[in-house]
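Novice: Under this note's numbering, the sequence shown has 490 at position 467, and the numbering climbs by one with no breaks. Think of the CB as a built atom: it goes at the ideal place given N, C-alpha and C, for glycine as much as any other residue. Treat the numbers as computed from the prediction; the structure is a model and nothing was measured.
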Amino acid sequence: MKNFPSEVIQRIVSNLQDVKNPHHLFSTLMINREWCKLSVPYLWELTLDYTPDKYNSYKCIITYLSNVEESSRNFLRNHGMDLLSSPPWSTFSYPTYLNSINYHHLAILVQSYLSKTNDNNDHISAKEKLLFQELFKLFMKKSKYIKRIIIPDTINLDGIMEDIPFITRYNGASKCLRGLKEFYCYWNFNGSFYKSIFNICKNIQIIKIHIDAYYDVEYLSKLISLQTNLKQFLIEVQEITVGNIVTNDYCTPIFNSILDQKNSIQKLELINFSFQFADKETFEKLINCKYLRFLSIYKCKFLETQTFSSLKGIPSLEEFYYCHKDDDYFPEHLIIRLFHSNLRKIKLSYHTMNIIRAIILNCPNLEILKLSTCLHRESILDIFTYCNQLKEFSFKGDHGGYNENDLLIRLSKYVPLTLEILEIQMCLQHPWIFSADSLKIFLKATKNLKLLRIIHKEPQQTLDQQFSNPLTPENSTMKTLSQDHLNVIEESGIGLYMTSGIKFSKKLYPNYIHTIKIPGKIQR
24 MKNFPSEVIQ RIVSNLQDVK NPHHLFSTLM INREWCKLSV PYLWELTLDY TPDKYNSYKC
84 IITYLSNVEE SSRNFLRNHG MDLLSSPPWS TFSYPTYLNS INYHHLAILV QSYLSKTNDN
144 NDHISAKEKL LFQELFKLFM KKSKYIKRII IPDTINLDGI MEDIPFITRY NGASKCLRGL
204 KEFYCYWNFN GSFYKSIFNI CKNIQIIKIH IDAYYDVEYL SKLISLQTNL KQFLIEVQEI
264 TVGNIVTNDY CTPIFNSILD QKNSIQKLEL INFSFQFADK ETFEKLINCK YLRFLSIYKC
324 KFLETQTFSS LKGIPSLEEF YYCHKDDDYF PEHLIIRLFH SNLRKIKLSY HTMNIIRAII
384 LNCPNLEILK LSTCLHRESI LDIFTYCNQL KEFSFKGDHG GYNENDLLIR LSKYVPLTLE
444 ILEIQMCLQH PWIFSADSLK IFLKATKNLK LLRIIHKEPQ QTLDQQFSNP LTPENSTMKT
504 LSQDHLNVIE ESGIGLYMTS GIKFSKKLYP NYIHTIKIPG KIQR
């Protein structure tokens, strides 16, 4: 061990680093001094990313307080904090290694620390703010660089965020935050916050953000525009409406700033985004984003007002997700224009027959297709016939209760040889009906299928039905597959995951079967 090359030790330690399981690194601290010296930076760079536990995590605050300057220690003591557990020295300069700050986790650690060290619980809220402030001073001054900041919208931060200075106002912030790569902010800051960081942070690659629709987005837009290599952008909007009218046009400045990243943006996610005030050509400008590979549109409004005349869609687009807002118009024409031969993955919460035709005609290289609304039986056959590169296919079967043996046998003749995962969603009380023999014929035709998923959906009931015919374990039993079916699946070596979609108390109904799993036995 003594002659182990440092580079090899670093490689081993870095592979053991795991945010969910920080204890994986603990053993490396015990080997010898050299291993300890090389392991400590990896263990402490993500201290605020680890999910805090209620027993020991607060101790990292004790360690950090041993690294604050004497003036800060005096300040905290003068405000009633007991620092006896934090001597003014430490074996390592631990704040130096920190490169990620999660405000929520820090709040939990601070609260846990104060509950352990503040015997009388006096002025606990004020002490939280002061401790936050002094720790941020420490991090900005000592950390070599912060590459990730996460600010969730959580009650743990209430009363803290409004009273402590922005992180950019501490000494050393300009140097420390210059290398920021990831910025996740779900707290409703006003424009001043974004103004305070856009002159410092110009190399952010991932921005995921939540805004209120009535906020002025001038400084947020500028922050986006000034980035030199923005690759991923997610924006979620909380709309404040009067009737059905959005009170603020945020779309145009935000979209213009996205287009300023046309030479780097690869992933774009829009959630509750409104195009109400946008020019009708706004969305189509995305064709200028030549590296955009992933586009997700989740419950966005007024998309039907947007035109899209390009016949080539967004040329580099490989993944497209769309979730429909039920009370809005479905922008069928726009979605169809996005389909082209480069698309590899499509996920839709709603579709029409025209959408299915467009997929069949324009997306021959599709590998993953997930559909959440009922798919006609003939459409399933068409997709199998024309999308012969499919690896994963998920769809909601049309209303069951009918004999589907003929359908399974027909599908067996056209099932793509590449198919690895097949998911069928069906009604729990009216599932598809097919024999074990038909299932055997279908499974035998699949050459690479590894997993069959059958997801039952809870039936939609009116209030009267809930009272007259409530769901019980007796009427919610899965009837789709018999023991003969299960034997066929087990013999085929294909894995099975089947769930009823309904859970009942295990204590009250210990015999109710919610999920059936059969592990795949062979590599096909």
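#1: Below 8 Å, can you find three or more Cβ-Cβ pairs linking the segment 71 to 78 to the segment 103 to 118?
#2: Thinking C-alpha only, which one of LEU451, THR114 and GLU241 is nearest VAL63?
#3: Could you give the uninterrupted runs of the alpha helix (DSSP H) lying entirely in the segment 51 to 79, keeping only those of 4 residues or more?
#4: Work out the CA separation of ASN122 and ASN101 for me, nearest whole Å.
#5: With a Cβ-Cβ cutoff of 8 Å, do LEU203 and LYS170 count as a contact?
#6: Could you round the C-beta distance between LYS419 and LEU398 to whole angstroms and report it? I think they count as a contact, below 8 Å.
#7: For HIS537 versus THR522, is the C-beta distance shorter than 8 Å?
#8: Check whether the Cβ atoms of GLY518 and ILE541 sit closer than 8 Å, and answer yes or no.
#9: Could you say which of GLY214, ARG476 and GLN261 lies nearest to LEU7 if we only look at CA atoms?
#10: Compute the distance between the beta-carbons of ASN252 and SER287, then report whether it is under 8 Å.
#11: Three-state secondary structure (DSSP) at SER123?
#12: Rounded to whole angstroms, what is the Cα-Cα separation between LEU451 and MET163?
#13: Between SER116 and ASN141, which are expected to be in contact by the criterion C-beta below 8 Å, what is the C-beta distance as a whole number of angstroms?
#14: With DSSP run on the structure shown, which of helix, strand or coil describes ARG171?
#15: Could you tell me the boundaries of the beta strand (DSSP E) in which LYS290 lies?
#16: Under three-state DSSP, which class holds GLU157?
#17: Could you pull out every residue in the same chain whose Cβ sits closer than 6 Å to the Cβ of LEU282, ignoring the five residues on either side in sequence?
#18: By Cβ distance, which residues of its chain are closer than 7 Å to ILE147, with the 5 residues on each side in sequence left out?
#19: Between the beta-carbon of ASN295 and the beta-carbon of GLU327, is there less than 8 Å?
#20: On the criterion of 16 or more Cβ atoms from any shown chain inside 10 Å, does LEU422 qualify as buried, or is it exposed?
#21: For a quick check, are the C-beta atoms of GLU292 and SER333 less than 8 Å apart?
#22: Which class does GLU415 belong to by DSSP, given the choice of helix, strand or coil?
#23: Around the C-beta of GLU304, are 16 or more other C-beta atoms found within 10 angstroms, so that it is buried, or is it exposed?
#24: Note the first and the last residue of the continuous alpha helix (DSSP H) segment covering VAL511.
#25: What residue ranges within the segment 353 to 392 form continuous beta strand (DSSP E) runs of no fewer than 3 residues, ordered along the chain?
#26: Could you say which of LYS139, CYS83, LYS324 and GLU93 lies nearest to HIS128 if we only look at CA atoms?
#27: ASN426 by DSSP, collapsed to three states: which one?
#28: State the Cα-Cα distance for the pair TYR65 and ILE54, rounded to the nearest angstrom.
#29: Rounded to the nearest angstrom, how far is the Cβ of HIS374 from that of THR408, given a contact under 8 Å?
#30: Locate the alpha helix (DSSP H) running through CYS274, then write down its first and last residues.
#31: For ALA130, count the other beta carbons within 10 Å of its own beta carbon; 16 or more makes it buried, fewer makes it exposed. Which is it?
#32: DSSP three-state label for CYS346, please.
#33: In chain order, which alpha helix (DSSP H) runs of at least 4 residues are fully inside the segment 212 to 265?
#34: Under 8 Å, with one C-beta from each stretch per pair, do the segment 373 to 393 and the segment 425 to 439 reach the 3-pair mark?
#35: Can you tell which of GLN284, ILE478 and GLN255 has its C-alpha closest to the C-alpha of LEU249?
#36: Which residue marks the beginning of the alpha helix (DSSP H) containing ARG476, and which one marks its end?
Specialist: Let me spell this out:
#1: Because the criterion of three Cβ pairs below 8 Å is not met, the segment 71 to 78 and the segment 103 to 118 do not touch.
#2: By one-based count along the sequence shown, residue 63 stands at place 40. THR114 is the residue among LEU451, THR114 and GLU241 whose C-alpha sits nearest the C-alpha of VAL63.
#3: For the segment 51 to 79, the continuous alpha helix (DSSP H) assignments of 4+ residues that do not extend past its boundaries occur at 56 to 67, in sequence order.
#4: Walking along the sequence shown from the start, residue 101 turns up at place 78. Walking along the sequence shown from the start, residue 122 turns up at place 99. ASN101 and ASN122 have their C-alpha atoms roughly 30 Å apart.
#5: Locating residue 203 in the sequence shown gives position 180, where the first residue counts as 1. Locating residue 170 in the sequence shown gives position 147, where the first residue counts as 1. In this structure, LYS170 lies closer than 8 Å to LEU203 by Cβ.
#6: If you number the sequence shown from 1, residue 419 lands on position 396. If you number the sequence shown from 1, residue 398 lands on position 375. About 6 Å separates the Cβ atoms of LYS419 and LEU398, confirming a contact at the 8 Å cut-off.
#7: Against the sequence shown, residue 537 aligns to sequence position 514. Against the sequence shown, residue 522 aligns to sequence position 499. In contact: HIS537 and THR522 (Cβ atoms closer than 8 Å).
#8: Taking the sequence shown and counting its residues from 1, the one referred to as residue 518 is at position 495. Taking the sequence shown and counting its residues from 1, the one referred to as residue 541 is at position 518. Yes, Cβ-Cβ distance for GLY518 and ILE541 is below 8 Å.
#9: Outside the shown range of the chain, which is 24 to 547, sits residue 7, and nothing can be said about it.
#10: Mapped onto the sequence shown, residue 252 falls at position 229. Mapped onto the sequence shown, residue 287 falls at position 264. Yes. Within cutoff.
#11: Reading the sequence shown from its first residue, position 100 is the one you call residue 123. Three-state DSSP puts SER123 in a strand.
#12: As a working mapping, residue 451 is identified with position 428 in the sequence shown. As a working mapping, residue 163 is identified with position 140 in the sequence shown. When rounded, the distance between both Cα atoms is 56 Å.
#13: Your numbering for residue 116 matches position 93 in the sequence shown. Your numbering for residue 141 matches position 118 in the sequence shown. At roughly 27 Å, the Cβ-Cβ gap does not stay under 8 Å, so SER116 and ASN141 are not in contact.
#14: Taking the first residue of the sequence shown as position 1, residue 171 is located at position 148. Correct three-state label for ARG171: strand.
#15: For this step, residue 290 is matched to residue 267 along the sequence shown. In the DSSP assignment, LYS290 falls within the unbroken beta strand (DSSP E) covering 290 to 294.
#16: Numbered from 1 along the sequence shown, position 134 holds the residue referred to as residue 157. Three-state DSSP puts GLU157 in a helix.
#17: Translated into the one-based positions of the sequence shown, residue 282 becomes position 259. Within the same chain, and ignoring the five residues on either side of LEU282 in sequence, the residues whose Cβ sits closer than 6 Å to its Cβ are LYS308.
#18: Position 124 of the sequence shown, counting from 1, holds the residue named residue 147. The answer, listed in chain order, is LEU137 and ASN141.
#19: As a first step, residue 295 must be located in the sequence shown, where it is residue number 272. As a first step, residue 327 must be located in the sequence shown, where it is residue number 304. No, these two residues do not count as a Cβ contact at 8 Å.
#20: Here residue 422 refers to the residue found at position 399 of the sequence shown. According to the sequence as given, residue 422 is His; it is not Leu. With fewer than 16 other Cβ atoms within 10 Å, it is exposed.
#21: Counting from 1 along the sequence shown, the entry for residue 292 is found at position 269. Counting from 1 along the sequence shown, the entry for residue 333 is found at position 310. Taking the C-beta atoms as reference points, SER333 is found no nearer than 8 Å to GLU292.
#22: Along the sequence shown, one-based indexing puts residue 415 at 392. Reduced to three states, the DSSP call for GLU415 is strand.
#23: As a position in the sequence shown, residue 304 is number 281, starting the count at 1. Exposed, because fewer than 16 other Cβ atoms sit within 10 Å of the Cβ of GLU304.
#24: Numbered from 1 along the sequence shown, position 488 holds the residue referred to as residue 511. In the DSSP annotation of this structure, the continuous segment of the alpha helix (DSSP H) that includes VAL511 starts and ends at 506 to 515.
#25: Runs of the beta strand (DSSP E) inside the segment 353 to 392: 368 to 371.
#26: Stepping through the sequence shown from its first residue, residue 128 is reached at position 105. Among LYS139, CYS83, LYS324 and GLU93, the Cα nearest to that of HIS128 is on CYS83.
#27: Here the question's residue 426 lines up with position 403 in the sequence shown. Here ASN426 carries a strand assignment [DSSP, helix/strand/coil].
#28: Sequence index remark: in the sequence shown, residue 65 carries index 42 (1-based). Sequence index remark: in the sequence shown, residue 54 carries index 31 (1-based). CA-CA distance, TYR65 to ILE54, rounds to 16 Å.
#29: For the purposes of this step, residue 374 is taken as residue 351 along the sequence shown, with counting starting at 1. For the purposes of this step, residue 408 is taken as residue 385 along the sequence shown, with counting starting at 1. Contact flag wrong, Cβ pair sits at about 18 Å.
#30: If you number the sequence shown from 1, residue 274 lands on position 251. Counting along the chain, the alpha helix (DSSP H) containing CYS274 begins and ends at 274 to 282.
#31: Within the sequence shown, numbered from 1, the residue matching residue 130 stands at position 107. The residue is buried, with at least 16 neighbouring Cβ atoms inside 10 Å.
#32: As a position in the sequence shown, residue 346 is number 323, starting the count at 1. Strand, per DSSP.
#33: You should have 214 to 221 and 241 to 248.
#34: Contact between the segment 373 to 393 and the segment 425 to 439 is absent: fewer than 3 CB-CB pairs across the two stretches fall below 8 Å.
#35: Here residue 249 refers to the residue found at position 226 when the sequence shown is read from its first residue. LEU249 has its Cα closest to that of GLN284, out of GLN284, ILE478 and GLN255.
#36: Translated into positions along the sequence shown, residue 476 becomes position 453. In the DSSP assignment, ARG476 falls outside any alpha helix (DSSP H) and lies within the beta strand (DSSP E) extending over 474 to 480.
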